[in-house]
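Student: I'd like to ask you about the structure that follows.
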Amino acid sequence: MSKTVGIVGAGASGLVAIKICLEEGLLPTAYERSSTIGGIWNYVEDTSPSSSGRMYKSLVSNVCKISLCYSDFPMSPNVPPYPNHEQYIQYIHDYTDHFKLREHIQLNTEVTKIEKAEDYDVTGRWTIHFRQDRKEPVKKTFDFIMICSGYFTNPVIPTYPGLDDFTGRVSHAAHYRRREHFEDKKVLVIGESLSSCDIATDVSFSAKQVYLSLRNGFWLLKKRGLGGYPLDCYVLNRFTISMAPQWLVKYVLGGYFHIDANHDALGIGPNRPIFRTPLGINDFLLGQLMNGRVKPTPTVKRFSPKGVELIDGTKLDNLDAVIFGTGYTVTTPFIDDNLVPGKVVNMAVARVIYSGGVKVANSDWLDVLSN
256 MSKTVGIVGA GASGLVAIKI CLEEGLLPTA YERSSTIGGI WNYVEDTSPS SSGRMYKSLV
316 SNVCKISLCY SDFPMSPNVP PYPNHEQYIQ YIHDYTDHFK LREHIQLNTE VTKIEKAEDY
376 DVTGRWTIHF RQDRKEPVKK TFDFIMICSG YFTNPVIPTY PGLDDFTGRV SHAAHYRRRE
436 HFEDKKVLVI GESLSSCDIA TDVSFSAKQV YLSLRNGFWL LKKRGLGGYP LDCYVLNRFT
496 ISMAPQWLVK YVLGGYFHID ANHDALGIGP NRPIFRTPLG INDFLLGQLM NGRVKPTPTV
556 KRFSPKGVEL IDGTKLDNLD AVIFGTGYTV TTPFIDDNLV PGKVVNMAVA RVIYSGGVKV
616 ANSDWLDVLS N
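Just so we're on the same page, the numbering used here is the position in the sequence shown counted from 1, plus 255.
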């Protein structure tokens, strides 16, 4: 009899987990808490804590379609090199239909608890407790469990002196939806990686002024590479990742970083080694830095009711909003910490895959897959 697999989440990783299970002769069932597949790639206006939406209206992928697609299901030639979120979610649906995955997915189903089955010591099986359509909780036992609930679960907003007294709007990149919400406002964006750079750029086309608060600086790259080809086709390939010596990759990338931008003159120059420095990948940020619509600043020391004081003593007054692009914590609240440590992000993982490290009778295991 085929083994059964319970899968939490039907986003990008959950869908491919279903497909691989079917190819291996397993019987998967995926539980997705929202009303549709695709996870964070769905655009929703809802910004409540229970919302899984992480897209904003004008979002375009910073990874080209060659790297973004599944290896056995290329994107259509009609899709541009860097698809927007609507094009990618359509691709997700096409993938699901092509491999006939929908029949293995239960939507509007929230997993509330995962625990060892009563016969675990003999069978190594697991029990999933879930609630469908807000009805009474039920449970089902599986031979294997795969957690595909993703990295972008709990937004992190750091603590600052005086933040509670700030009278402007405070939000996280997870809750950013439209630039029009900040029309003619003075906005501070805190963070120096992908989402903060993208949002600072996007909101600057509507806001009166955008400040980008940086701790260590970042390297700014355009999506367009040599000859007009997507940049990540050059940077993320077998040669640069596995074959070329690290010194050569550093030398080439270091030179490439300076082709379009003088990072120090712009105020975004990093103070850490090249492979320990965040990247900003955006075709429009350079122009907004050059024309002053986005102004880099040092990190924030403290908040006041109407603004902030920076670590160099500079004050930014009359701010209307602060957006934190400060990342996420990865949690699995439905699993006891003795099975999966509370801070998954601190675990040593290979290819962002973690085996629960549990010893069971038939060598079954519990995996955490994050997309």
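Note that beta-carbon positions come from the ideal geometry of N, C-alpha and C, so glycine has one too.
In this text the structure is predicted, and so the values were computed from the model without any measurement.
Mapping the DSSP letters down to three states, classify S257 as helix, strand or coil.
Tutor: In this structure, S257 counts as coil in the three-state DSSP scheme.
Student: Are G308 and D301 touching if we call contact CB-CB under 8 Å?
Tutor: Yes; because the gap between Cβ atoms is below 8 Å, this pair is in contact.
Student: A541 by DSSP, collapsed to three states: which one?
Tutor: Residue 541 is actually Leu in this sequence, not Ala. In the structure shown, L541 sits in a helix (DSSP, three-state: H, G or I).
Student: To which residues of the same chain is A603 closer than 7 Å at the C-beta, ignoring the five residues directly before and after it?
Tutor: Residue confidence for A603 is low, a pLDDT of 49 falling below 50, so the modelled location carries little weight and cannot support an answer.
Student: For P336, I'd like the list of residues in its chain whose CB is within less than 7 Å of its CB, leaving aside the five on either flank, ordered along the chain.
Tutor: Same-chain partners within the cutoff: C319, K320, P485.
Student: Looking at the structure shown, is A603 part of a helix, part of a strand, or coil, going by DSSP?
Tutor: Its pLDDT being 49, under 50, A603 is placed unreliably in this model, and the coordinates cannot settle the point.
Student: Since K394 and T382 are thought to touch, with beta carbons under 8 Å apart, how far apart are those beta carbons, to the nearest angstrom?
Tutor: Indeed they touch by this definition, with Cβ atoms about 5 Å apart.
Student: For the structure I just gave you, are there three or more beta carbon pairs, one from the region 451-468 and one from the region 536-552, closer than 8 Å?
Tutor: They touch, by the three-pair rule.
Student: For D619, which residues from the same chain have a beta carbon less than 7 Å from its beta carbon, with the 5 sequence-adjacent residues on both sides left out?
Tutor: Here D619 scores only 40 on pLDDT, less than 50, and its place in the model should not be relied on; the value that follows carries that caveat. Here the set comprises G379, D398, F399.
Student: One question on the structure: do Y583 and V425 come within less than 8 Å of each other, judged by their Cβ atoms?
Tutor: For Y583 and V425, no; Cβs fall outside 8 Å.
Student: Span of the alpha helix (DSSP H) holding G509?
Tutor: Start and end: 501-515.
Student: In terms of alpha-carbon separation, which member of Y506, G568, K274, T408 lies closest to R530?
Tutor: For clarity, residue 530 is Phe in the given sequence; the question names Arg instead. Here the closest residue by C-alpha is Y506.
Student: Quick check on the burial criterion: 16 or more other C-beta atoms within 10 angstroms. Buried or exposed for R434?
Tutor: Per the 10 Å Cβ criterion, buried.
Student: By Cβ distance, which residues of its chain are closer than 7 Å to S257, with the 5 residues on each side in sequence left out?
Tutor: Hits under 7 Å: G280, L281, L282.
Student: Taking the beta strand (DSSP E) that Y286 belongs to, which residues open and close that run?
Tutor: Counting along the chain, the beta strand (DSSP E) containing Y286 begins and ends at 282-286.
Student: Under DSSP, the beta strand (DSSP E) around I383 begins and ends at which residues?
Tutor: Where I383 is concerned, the enclosing beta strand (DSSP E) stretches over 381-387.
Student: Taking its Cβ as the centre, do 16 or more other Cβ atoms sit within 10 Å of I402, making it buried, or is it exposed?
Tutor: So I402 counts as buried.
Student: Please look up how many angstroms separate the CB atoms of A285 and Q361, rounded, as I've assumed it's under 8 Å.
Tutor: Sure, about 7 Å apart at Cβ, within 8 Å.
Student: Pair every Cβ in the region 494-505 with every Cβ in the region 437-445, then say whether three or more of these pairs are closer than 8 Å.
Tutor: The region 494-505 is not in contact with the region 437-445.
Student: Step through the CB atoms of chain B and report whether any lies within less than 8 Å of the CB of G293.
Tutor: Included in the structure is just one protein chain, with no chain B present.
Student: Given a threshold of 16 other Cβ atoms within 10 Å of its Cβ, counted over all protein chains shown, does R288 qualify as buried or as exposed?
Tutor: By the 10 Å Cβ count, R288 comes out buried.
Student: Between the C-alpha atoms of T495 and G510, what's the straight-line distance to the nearest angstrom?
Tutor: Answer to the nearest angstrom: the Cα atoms are 15 Å apart.
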